[in-house]
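Since the structure comes first, as structure tokens, the remarks are kept for the end.
Residue numbers (the working numbering): 708 to 753.
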């Protein structure tokens, strides 16, 4: 595989994984803000 293709795949994969972590953090923050409870089962959805 050419180096440019590998580089682009790595960048896109990192962005998608970061977006998933961001959405999970947003969900935890939303639950904490509304209910003032840490939902430890939230990670099970991943």
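We put the CB at the ideal spot given by N, CA and C, even for glycine.
Check                                                                : Outcome
DSSP state of residue 745 mapped onto helix, strand, coil            : coil
Secondary structure of residue 710, DSSP reduced to three states     : helix
Rounded C-alpha distance that separates residue 736 from residue 747 : 12 Å
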